[in-house]
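A quick write-up on the structure given underneath.
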Amino acid sequence: MLRFTLLWLLVFLFASISSSSARPELVDKRVFAFHFHFIFLFNSFFLFGLFLTLSCFLTTAPYAMRISCGARQNIRTPPTYTRWYKDFAYTGGIPANATAPSHITPPLKTLRYFPLSEGPENCYIINRVPKGHYSVRIFFGLVEYEIDNEPLFEVSVEGTIIHSLKSGWSKNDEQVFAEALVFLLDGSVSICFHSTGHGDPTIISIEILQIDERAYYFGPEWGGGVILKTTSRLTCGTSKPKFDEDYSGDHWGGDRFWHPIRTFGKNADAPRSTESGIKKASTVPNFYPEALYQSAVVSTDSKPDLAYTMDVDPNKNYSIWLHFAEIDATITGAGKRVFDVLINGGTVFENVDVVGMSGGRYTALVLNTTVALSGRTLTITLHPKKGNHAILTAIEVFQVIVAESKTSPDEVRALQALKKSLGLPNRFGWNGDPCVPKEHPWSGADCHFDKSGGKWFIDGLYFLVNEPYPLRLYLLTALLVRYEKQVKAKAASIHLLSLHFSLDLVFPNPLGLNFCTLFIYTSALTPKILITVKTGLDNQGLRGSLPNEISKLHHLQSINLSGNSIHGAIPSSLGAVTSLEILDLSYNFLNGSIPESLGKLTALRRLNLNGNSLSGRVPSALGGRLLNGASFNFTDNHGLCGIPGLPKCGPHLSAGAKVGIAFAVFLSLVLLVICSICWWKRRQNILRAQQIAGYLHKATFVVHLLSFLFLTYISFSSAASRSAPYAKARTQSSHDIQMSRNPSRGRTASENGPSLLS
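Mind the numbering: the sequence shown is residues -22 to -1, 1 to 736 in mature numbering (1 follows the signal peptide of the UniProt record, and there is no 0), read in order.
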């Protein structure tokens, strides 16, 4: 397209240059007119081509994110060479080799599974997702060499459960994946997997595909607060499973999977197919592929009613989409085939004439209705009224799910900061949303719903402890009789699993705990009672310090973090949690003073700070609260003082004074260091100067010595030169006297005769 635009630009420039170089006075008027029209046409074509080019560029492709779980690099899979991104920094879990349970599963070689040691909830958090309407699809898998270990777990998207795996899912093509249509409005998406105690969740792939904003609009209830879970999507009259990509469908359709169903029953119908084009198929907003409407089933004379039955979850609302196209050659016009559509025996569409309602043969027609089902089956029946036969192309069934309200973002960020600061172990499973799904809240967080704000909030931090205890049957009766009359106490739920019966009881708070929930179940051997107790986050081996973000948990009523290894100071921001009633930070390694802001906690009834290393004066506001029946414990802090039971305080300094003193001490230390450095520098300079002076003295002595020696040498040399002629004359005179006395010594060798040595 870019080359096409450049070509038009070159033609336009050439024509413009030609028109500018042509001089009308030198050519015939006819030639000029022809030239003018030619240039005009070229300019018009150029502008038209430029408009088409810009239109193509401005039409953006839908957002698509496909993750190959457990993969270490991006890959492409045949036959469409779809791109899958590597699984990096989205979640925890363990990567492993995959076994695909179905032939429709993407041909990927890896998966990611989440053992219980990683926590009961694990989530993929994908950021930078544009706001919009999306199809979210998750394919499940089996760990290699463990194909007989079929895990069962639940899947949630944005805090709402969309799917629960049932036994036998790996043998059903429509159950090897979960799909939902959701609105993503905060720039990210969380996809969580919740363990149910039946194997480790295993995920092969995740797809997040953007679809049209108005896709699958079904009525006033449709919108951001509703999720459409895909229950079934069938293409009739064919035996080949296909995705939209196989149909060459528009990407804005979301690459839907169509499960094939060639017939609804033996002799119940007959397939029809065509290769003719289908009109009005791939249109806004659902963009169905045209090839979807090229096959269908038609009822027979022996069974004129066309009926299809499927299993559904009871007491749910379902959005049903029926697809038609008249491709039967025996139907030549409107009114030749008319039928009614019934859902579980109730008529939802009367006198459906496909040709008349769609506008002609080989034209797509889509009908939609939403029904509430109380039973476990959904039956769609097409009852002929004219023509004796009904026709059906495809079926889509969605479960309408009301999206869960999420926890306040500020409180979620505060809990995440607390998790990071304290180093919470993975077994806590603090992933996703703390309060939703309601069936899987975070262990250690107590949630309540704010109806006025439409958000969940945290009002307590605790830890779940599950312990089974043997129980005799007669004790159960005694328990029911004893506690059914108690009122104004914490509630417990007793579930008699063997009788499929649930009873809510109220009973006194045992052992001073916050909550106590009893789950009673029976087995073939010994009846047992499972006691689930909500206690504090105490004795969990937590380390680190308390973050300032804890003040954003505005609705907290109780915190129990005793018996850990938390160090550092108590954050003064904790005084902003005015709803706090119980604060237990005993037996940690906290230091510093107790913040004055804790005195603002007027609702505080119990405060345990014993067994730490705190120091300073206890805020007077806290000391006065003891007179009103509050229970405070400050013992085993050797530095605390100021209230009865603690040592008396000396002169008390305000926080400002302490800061001033600390600043003065710091400034004094700085000045002392600076003076020490200056003194040391000066001392070094003095020593260096003395050393240099010593070197100069020695050098002067050496110079003087050398000068003396040089002068001495000059003196002797001068004297020797003056006495040299006299010495020479004297030497010559001595030689002459000796020669006169001994003349033989003056003979030559020839005069003395031959040498004996020769």
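For every residue, glycine included, the Cβ atom is placed at its ideal position computed from N, Cα and C.
Keep in mind it's a predicted model, so treat the numbers as computed, not measured.
Q. Where does Asp388 sit, in a helix, a strand or coil, going by DSSP?
A. Helix, per DSSP.
Q | Rounded straight-line distance, which links the Cα of Val681 to that of His675 | A | 10 Å
Q. If you scan the region 536 to 575 from start to end, which runs of the beta strand (DSSP E) of 3 or more residues do you find wholly inside it?
A. 536 to 538, 543 to 546, 560 to 562, 567 to 570
Q: Keeping to the same chain, check which residues put their C-beta closer than 6 Å to that of Ala578; ignore five residues upstream and five downstream.
A: Inspection of the sequence shows that residue 578 is occupied by Lys rather than by Ala. Hits under 6 Å: Gly553.
Q. What is the rounded straight-line gap between the Cα of His111 and the Cα of Lys294?
A. Distance between the alpha carbons of His111 and Lys294: 23 Å.
**Q.** Span of the alpha helix (DSSP H), counted from its first residue to its last, around Ser280
**A.** From DSSP, Ser280 is part of no alpha helix (DSSP H); its letter is neither H nor E.
Q) Which residues mark the beginning and the end of the beta strand (DSSP E) in which Ala303 is found? A) Looking at the DSSP string, Ala303 is not in any beta strand (DSSP E), and its letter there is neither H nor E.
Q.
If you follow the beta strand (DSSP E) that Ser251 is in, where does it begin and where does it stop?
A. 247 to 251
Q | Buried/exposed call for Asn329, threshold 16 Cβ in 10 Å | A | exposed
(Q) Whether or not the region 246 to 265 and the region 297 to 306 are in contact is what I'm after, with contact meaning three or more pairs of Cβ atoms, one per stretch, closer than 8 Å; do they touch? (A) Counting C-beta pairs with one atom in each stretch, the region 297 to 306 and the region 246 to 265 have three or more that are closer than 8 Å, which means they touch.
Q. How is the alpha helix (DSSP H) around Gly334 delimited, first residue to last?
A. The continuous alpha helix (DSSP H) containing Gly334 extends over residues 332 to 336.
Q.
What does DSSP give as the partner residue(s) for Pro73 in the beta ladder?
A. Arg90
Q: Tell me whether Tyr691 is buried or exposed, calling it buried when 16 or more other Cβ atoms sit within 10 Å of its Cβ.
A: Label assigned to Tyr691: exposed.
(Q) My output table needs one value for Trp230: the three-state DSSP class, helix, strand or coil. (A) helix
Q: Could you check if Ala642 is buried or exposed, using at least 16 other CB atoms within 10 Å of its CB as the buried criterion?
A: exposed
(Q) Measuring straight from C-alpha to C-alpha, what distance separates Gly607 and Pro625? (A) 22 Å
Q. Taking Cβ to Cβ, would you say Val596 is nearer than 7 Å to Leu618?
A. Judged by their CB atoms, Val596 and Leu618 are nearer to each other than the 7 Å cut-off.
Q) Over what stretch of residues does the alpha helix (DSSP H) that includes Leu402 continue unbroken? A) Per DSSP, Leu402 belongs to no alpha helix (DSSP H) and is neither H nor E.
Q: State the beta-bridge partners of Phe161 as determined by DSSP.
A: His111
Q) Taking the C-alpha atoms as reference points, what is the distance between Pro622 and Glu527? A) Cα-Cα distance, rounded: 33 Å.
Q: Report yes or no: do the region 178 to 196 and the region 417 to 429 share at least 3 C-beta pairs separated by less than 8 Å?
A: no
Q) Whose C-alpha, out of Gly232, Pro179, Ser148, Leu86, is nearest the C-alpha of Ala158? A) Gly232
(Q) I need the straight-line Cα distance from Ala312 to Glu128, nearest angstrom please. (A) 52 Å
**Q.** C-beta atoms of Leu284 and Ser273 nearer than 7 Å
**A.** no
**Q.** Limits of the beta strand (DSSP E) - the one that Ala372 falls within
**A.** 372 to 380
Q | Proximity of Leu439 and Ile358 at Cβ, strictly below 7 Å | A | no
Q. Taking the C-alpha atoms as reference points, what is the distance between Asp562 and Ser523?
A. 15 Å
**Q.** Under the three-state DSSP convention, the category Thr180 falls into
**A.** Looking at Thr180 - three-state DSSP - the assignment turns out to be strand.
Q) Nearest to Leu351 by CA position, among Ile369, Gly323, Thr580, Trp230, is which residue? A) Distances from the alpha-carbon of Leu351 to those of Ile369, Gly323, Thr580, Trp230 put Gly323 closest.
**Q.** Expected contact under 8 Å - CB spacing of Leu162 and Lys109 to nearest Å
**A.** 7 Å
Q | chain D within 7 Å of His111, Cβ atoms only | A | Considering every chain present, this structure includes no chain D. It has just one protein chain.
Q: Assign His141 to one of two classes, buried (16 or more other C-beta atoms within 10 Å of its C-beta) or exposed (fewer than that).
A: His141 comes out buried.
Q.
Just to confirm my understanding: we take Glu99, look at its own chain, exclude 5 residues before and 5 after, and list those with CB closer than 7 Å. What are they?
A. Cys170, His172, Gly407, Asn409, Gly410, His418
Q. Using DSSP with H/G/I as helix, E/B as strand and the rest coil, what is Trp434?
A. In this structure, Trp434 counts as strand in the three-state DSSP scheme.
**Q.** Own chain residues within Cβ distance below 8 Å of His237, not counting five before or after
**A.** Asp151, Glu152, Ser210, Arg211, Leu212, Thr213, Pro219
Q) What residue does the beta strand (DSSP E) around Arg603 start on, and which one ends it? A) Arg603 -> not in any beta strand (DSSP E); alpha helix (DSSP H) instead, spanning 598 to 603.
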